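Colleague: Numbering (my numbering), first residue to last: 65 to 841.
Think of the CB as a built atom: it goes at the ideal place given N, C-alpha and C, for glycine as much as any other residue.
None of the values given here were measured: they were computed from a predicted structure.
Structure incoming, see below.
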């Protein structure tokens with residue numbers, strides 16, 4: 065292609081760059097797709113099959129100018145031929161093939177020559193059809209034998225065949241005809257002999273074709289074939305029955321032989337010796353019975369296979385033949401000699417509090433926790449900005465702060481918290497452990513695990529009209545979470561009225577929610593002095609860490625962080641902590657390496673030091689603590705209220721595996737008074753039931769963060785009812801005997817330990833009752 069001087073002047077170095085759509089900036093990208101429909105419309109009548117990439121490239125190189133881009137495309141692509149609408153319709157491939165064959169056949173078939181000989185049955189209709197044309201061609205092109213006969217090759221002695229002077233003798237055809245005639249004569253002789261033998265041996269078994277062939281005289285080989293329009297060939301087929309004869313045995317003679325003499329009974333043959341009854345002597349009968357006294361050959365083989373399988377199965381060592389005997393565990397001393405009272409005094413100078421965030425689904429619990437951690441500086445701005453971009457990319461921009469706590473893909477995709485998430489942070493005066501619990505009703509068991517580890521609760525309610533009522537009045541999770549928190553020992557509660565910005569920070573709306581919640585919490589068992597109310601907005605952070613006098617001029621209370629720092633949580637004194645039994649509930653079991661594993665949980669009571677030996681119930685594993693960590697920091701001891709991780713050697717396990725250890729198991733010292741029981745008595749208070757609770761009805765029993773299947777095995781006494789009953793109904797309080805249906809459950813009397821002595825029962829996804837342990841059997 066030639067360029068003039070104007071084109072050379074317009075040449076730009078940028079045209080050396082290869083076009084790549086991904087390298088365009090936003091302005092170029094928008095300009096490209098704004099011009100693309102225009103250039104397509106301009107080229108519609110010229111050629112509408114130009115690839116879109118070439119169109120984009122032309123626009124890019126010509127700076128999105130339509131006219132030069134069109135010229136460039138026309139210079140590189142030919143004009144599309146116009147389609148003639150009057151063309152005959154396109155034939156299918158089968159029709160095209162038939163048409164081509166017809167054309168080739170018409171071109172290859174010579175024009176017919178006049179024939180003096182008659183065409184036999186051929187008619188005028190035959191001549192006009194393909195079948196007629198085929199018959200005509202066969203009549204013109206005679207067979208090899210007819211042409212040889214006309215040339216004199218097949219005439220016998222004395223014959224005077226008509227010889228055409230223009231026909232040339234062909235020695236090859238004569239030799240072929242002579243060989244064929246000899247083969248025909250030989251086959252006729254063999255057929256005659258075969259037929260004669262068959263008629264002699266098997267009378268009446270000849271086929272009609274063979275009989276007619278035997279009766280008809282043999283053709284004279286010297287006789288010239290009769291003159292006919294077309295050659296004919298007579299075939300004589302004989303069936304050789306000798307090939308179908310059965311073997312000559314006694315059984316085949318009896319079953320298949322047609323000759324009566326051959327089937328004459330011969331008592332001395334083997335077949336009649338087997339089938340004929342003979343008199344059995346007592347000796348033979350005894351011998352026959354003795355033959356069946358021992359195992360049969362099949363039984364012998366099966367026994368041998370069974371023994372071989374059992375030997376192979378035992379060699380697999382899937383389980384020990386005999387369990388290893390339990391070695392009496394010995395208590396061990398701590399690795400370091402620590403003065404616990406002095407260490408606790410230093411440690412408790414900055415107190416530790418754990419709180420759980422509960423409430424109805426979508427009340428804003430995770431968003432509130434994300435805002436709290438961000439405003440306190442626990443989560444930096446870079447992390448929050450990243451979460452904002454990810455949330456906006458997923459179409460959930462308002463979930464950015466909630467994703468600080470909801471870190472799994474399932475939680476982020478569903479928009480709800482699935483499992484508890486514990487986070488440690490601290491202010492100038494207090495160390496905290498925040499537990500974000502799921503609010504959906506399907507995850508109440510996980511919520512129970514979080515509540516059982518908390519010192520106080522934050523009940524988040526949605527202040528928006530309709531949303532508060534759906535979570536509080538319409539059997540929402542606000543009610544159930546409150547009941548569970550109270551029955552698991554969370555006596556201090558703060559009602560966080562969230563999303564007040566959506567209600568324009570209305571004081572009347574806040575007071576209305578406060579009034580309804582106070583009445584309900586009193587029914588559950590909370591004292592008014594143990595319940596506080598704080599209005600906030602978790603999304604913009606108002607009254608979470610900082611106050612806003614303009615929005616909340618009518619509120620004179622603390623912010624949420626000030627409340628958490630100043631609230632009184634009942635704790636034991638240093639002397640009581642040191643004197644208490646050590647108990648810890650397991651919240652996680654994990655492998656550290658091939659030789660080490662770990663247990664993590666919350667210390668319910670007492671203290672423990674690295675180097676001491678503990679017992680895990682109900683598996684009864686005795687393990688020595690190798691090391692401990694508190695908030696990822698190595699420590700030498702742990703005390704009541706700590707969330708600690710312990711490291712152990714796998715070789716100390718009785719079977720070398722951690723499968724026998726589970727979440728909810730109890731860790732204690734070797735001399736602990738806690739028992740793992742399968743039956744215990746409890747005072748049970750029932751809530752609203754949809755149907756009576758019968759003796760033997762299965763349900764799920766929760767003790768702290770442990771859940772097991774159980775049932776009521778006996779109703780001992782019902783409060784206010786003198787007659788014995790076999791069932792319980794709503795609002796009843798009864799002393800019952802409960803049996804655990806799975807593994808044993810470690811627990812204590814409520815009088816000895818208020819945390820390990822509480823139980824809650826649920827059935828069909830609904831909390832139906834709660835109680836305290838009276839005695840352990």
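Over the uninterrupted alpha helix (DSSP H) stretch that includes residue 433, give me the two end residues.
Modeller: Counted from its first residue, the chain shown places residue 433 at position 369. Start and end: 429-439.
Colleague: Helix, strand or coil for residue 496, going by three-state DSSP, please let me know.
Modeller: What you label residue 496 is simply residue 432 of the chain shown in a count that begins at 1. If DSSP states are grouped into helix, strand and coil, residue 496 belongs with the strands.
Colleague: Under a Cβ-count criterion, where at least 16 other Cβ atoms within 10 Å of its own Cβ denotes burial, should residue 720 be classed as buried or exposed?
Modeller: Residue mapping note: residue 720 aligns to position 656 of the chain shown, counting from 1. Exposed.
Colleague: Looking only at its own chain, which residues have a Cβ that is under 7 Å from the Cβ of residue 534, when we skip the five neighbours before and after it?
Modeller: Along the chain shown, one-based indexing puts residue 534 at 470. Here the set comprises 540.
Colleague: Could you check if residue 656 is buried or exposed, using at least 16 other CB atoms within 10 Å of its CB as the buried criterion?
Modeller: Reading the chain shown from its first residue, position 592 is the one you call residue 656. The residue in question, residue 656, is exposed, as its Cβ has fewer than 16 Cβ neighbours within 10 Å.
Colleague: Just to confirm my understanding: we take residue 596, look at its own chain, exclude 5 residues before and 5 after, and list those with CB closer than 6 Å. What are they?
Modeller: Here residue 596 refers to the residue found at position 532 of the chain shown. Excluding residues within five positions, the ones whose Cβ falls inside 6 Å are 558.
Colleague: Do residue 83 and residue 114 have their C-beta atoms within less than 8 Å of each other?
Modeller: Looking up residue 83 in the chain shown gives position 19. Looking up residue 114 in the chain shown gives position 50. Contact: no.
Colleague: Are three or more beta carbon pairs between the segment 804-811 and the segment 740-753 nearer than 8 Å?
Modeller: Flag = yes, the segment 804-811 and the segment 740-753 touch.
Colleague: Looking at the structure shown, is residue 816 part of a helix, part of a strand, or coil, going by DSSP?
Modeller: In the chain shown, the residue the question calls residue 816 occupies position 752. Three-state DSSP puts residue 816 in coil, outside helix and strand.
Colleague: Could you tell me the boundaries of the alpha helix (DSSP H) in which residue 347 lies?
Modeller: Counted from its first residue, the chain shown places residue 347 at position 283. Start and end: 346-355.
Colleague: Can you tell which of 796, 839, 827 has its C-alpha closest to the C-alpha of residue 821?
Modeller: Reading the chain shown from its first residue, position 757 is the one you call residue 821. Checked all of 796, 839, 827; the closest Cα to residue 821 is 839.
Colleague: Based on the DSSP output, what are the partners of residue 831 in its beta bridges?
Modeller: On the chain shown, position 767 is the one that residue 831 refers to. For residue 831, which the question treats as bridged, DSSP gives the partners 826.
Colleague: From what residue to what residue does the alpha helix (DSSP H) around residue 626 run?
Modeller: Along the chain shown, one-based indexing puts residue 626 at 562. Looking at the DSSP string, the run of the alpha helix (DSSP H) that includes residue 626 is 624-630.
Colleague: From residue 169 to residue 163, what does the alpha carbon distance come to, in whole angstroms?
Modeller: Numbered from its first residue, the chain shown carries residue 169 at position 105. Numbered from its first residue, the chain shown carries residue 163 at position 99. Straight-line Cα distance between these residues: approximately 10 Å.
Colleague: If contacts are defined as beta-carbon pairs under 8 Å, then residue 792 and residue 757 qualify, I think. What distance do you get, rounded to the angstrom?
Modeller: Counted from its first residue, the chain shown places residue 792 at position 728. Counted from its first residue, the chain shown places residue 757 at position 693. Contact flag correct, Cβ pair sits at about 4 Å.
Colleague: Report back the beta-carbon spacing between residue 406 and residue 677 to the nearest angstrom; my notes put them in contact at under 8 Å.
Modeller: Counting from 1 along the chain shown, the entry for residue 406 is found at position 342. Counting from 1 along the chain shown, the entry for residue 677 is found at position 613. The pair is not a contact, with the Cβ atoms about 24 Å apart (cut-off 8 Å).
Colleague: Which same chain residues end up closer than 7 Å to residue 774 when comparing Cβ atoms and leaving out the 5 residues on each side of it in sequence?
Modeller: Looking up residue 774 in the chain shown gives position 710. Closer than 7 Å at Cβ, skipping near neighbours: 763, 765, 802, 803, 804, 805.
Colleague: Using the beta-carbon count (16 or more within 10 Å), is residue 365 buried or exposed?
Modeller: Taking the first residue of the chain shown as position 1, residue 365 is located at position 301. The residue is exposed, with fewer than 16 neighbouring Cβ atoms inside 10 Å.
Colleague: Return the Cβ separation of residue 524 and residue 577 in integer angstroms, given the expectation that the two are a contact with Cβ distance under 8 Å.
Modeller: In the chain shown, counting from the first residue as 1, residue 524 sits at position 460. In the chain shown, counting from the first residue as 1, residue 577 sits at position 513. With a Cβ gap of about 12 Å, residue 524 and residue 577 do not count as contacting.
Colleague: For residue 768, is the classification buried or exposed, using 16 other Cβ atoms within 10 angstroms of its Cβ as the cut-off for buried?
Modeller: Your numbering for residue 768 matches position 704 in the chain shown. That one is buried.
Colleague: Run through the DSSP bridge pairs and tell me what residue 521 is partnered with.
Modeller: Start at 1 with the first residue of the chain shown, and residue 521 comes out as number 457. Looking at the DSSP assignment, residue 521 forms a beta bridge with 420, 557.
Colleague: So what's residue 751 in DSSP terms, helix, strand or just coil?
Modeller: Sequence index remark: in the chain shown, residue 751 carries index 687 (1-based). Three-state result, residue 751: coil.
Colleague: Can you tell me which of the three DSSP states residue 545 falls into?
Modeller: The count along the chain shown starts at 1 and reaches residue 545 at position 481. Note: residue 545 maps to helix in three-state DSSP.
Colleague: To which residues of the same chain is residue 665 closer than 6 Å at the C-beta, ignoring the five residues directly before and after it?
Modeller: The count along the chain shown starts at 1 and reaches residue 665 at position 601. Closer than 6 Å at Cβ, skipping near neighbours: 648, 649, 650, 651.
Colleague: So what's residue 533 in DSSP terms, helix, strand or just coil?
Modeller: Taking the chain shown and counting its residues from 1, the one referred to as residue 533 is at position 469. Three-state DSSP puts residue 533 in a helix.
Colleague: Using only alpha-carbon positions, find the residue among 121, 109, 112 that is nearest to residue 99.
Modeller: Indexing the chain shown from 1 puts residue 99 at position 35. For the residues 121, 109, 112, the minimum Cα distance to residue 99 belongs to 121.
Colleague: By the DSSP assignment, the beta strand (DSSP E) with residue 773 in it spans what residues?
Modeller: For the purposes of this step, residue 773 is taken as residue 709 along the chain shown, with counting starting at 1. Note, residue 773: beta strand (DSSP E), 770-782.
Colleague: Please say whether residue 498 and residue 419 have beta carbons closer to each other than 8 Å?
Modeller: Here residue 419 refers to the residue found at position 355 when the chain shown is read from its first residue. Here residue 498 refers to the residue found at position 434 when the chain shown is read from its first residue. Their beta carbons are under 8 Å apart, which means residue 419 touches residue 498 by this criterion.
Colleague: Helix, strand or coil: which one does DSSP assign to residue 581?
Modeller: The residue labelled residue 581 in the question sits at position 517 within the chain shown. Residue 581 falls in the helix class under three-state DSSP.
Colleague: The ligand NAP heavy atoms versus the CB of residue 769: any closer than 7 Å?
Modeller: This structure lacks the ligand NAP; in fact it carries no ligand of any kind.
Colleague: Which residue's Cα is closest to the Cα of residue 698: 689, 704, 705?
Modeller: Here residue 698 is taken as the residue at index 634 of the chain shown, counted from 1. Checked all of 689, 704, 705; the closest Cα to residue 698 is 689.
Colleague: Among the residues of its own chain, which have a CB less than 7 Å from the CB of residue 332, if the five just before and after it don't count?
Modeller: For the purposes of this step, residue 332 is taken as residue 268 along the chain shown, with counting starting at 1. Only weak support exists for where residue 332 lies, its pLDDT of 47 falling under 50; the value from the coordinates is given anyway. Counting only Cβ-Cβ distances below 7 Å, and skipping sequence neighbours, we find nothing.
Colleague: If residue 608 and residue 436 are in contact, beta carbons under 8 Å, what's the gap, nearest whole angstrom?
Modeller: On the chain shown, position 544 is the one that residue 608 refers to. On the chain shown, position 372 is the one that residue 436 refers to. About 6 Å; that satisfies the 8 Å criterion.
Colleague: Please report the straight-line C-alpha distance between residue 704 and residue 638, rounded to a whole angstrom.
Modeller: Start at 1 with the first residue of the chain shown, and residue 704 comes out as number 640. Start at 1 with the first residue of the chain shown, and residue 638 comes out as number 574. Cα to Cα, the separation comes out at about 10 Å.
Colleague: Indicate the three-state DSSP secondary structure (helix, strand or coil) for residue 141 in the structure shown.
Modeller: What you label residue 141 is simply residue 77 of the chain shown in a count that begins at 1. Coil.
Colleague: Does DSSP classify residue 690 as helix, strand or coil?
Modeller: Residue numbering aside, residue 690 sits at position 626 when the chain shown is read from its first letter. Coil at residue 690, not helix or strand.
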